[in-house]
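Undergrad: Its first residue numbered 58, the sequence shown is counted upward by one per residue in my numbering.
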Amino acid sequence: KGFARAPFKIIEFCNARYANAFLEADMRLGLCMPCKINVYVKDGMTVLSGMRPVVLRQFFPKAELGALPEEIDAAVRGIIDSAK
């Protein structure tokens, strides 16, 4: 679109079972789907960043999420750690 920007990639991924469970708990959780990891370079270093699923309880305190945020957080962290 004509903006000068260093390379920036957004990687999206989703697990249908987790997504369905989240939507059953609160449809507004769809705002946080799919999970995303940003990849970019800053000061010559490749940076991977993303929102940790464990923070969803803070945004949706009434949603009954069980252990799902922790399970998904572990999976996302595993993906990021394996990319290092």
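Cβ atoms here follow ideal geometry from the backbone N, Cα and C, with glycine treated the same way. As the structure is a prediction and not an experimental result, all values here were calculated from the model.
Exposed or buried, what is L122 when buried is set at 16 or more other beta-carbons lying within 10 Å of its beta-carbon?
TA: buried
Undergrad: When burial is assigned at 16 or more other CB atoms within 10 Å of the CB, is C92 buried or exposed?
TA: buried
Undergrad: Which of the three DSSP states is assigned to C89 in this structure?
TA: helix
Undergrad: Over what stretch of residues does the alpha helix (DSSP H) that includes L80 continue unbroken?
TA: 73 to 82
Undergrad: With distance defined between alpha-carbon atoms, name the residue in G59, I137, G101, F116 nearest to G87.
TA: F116
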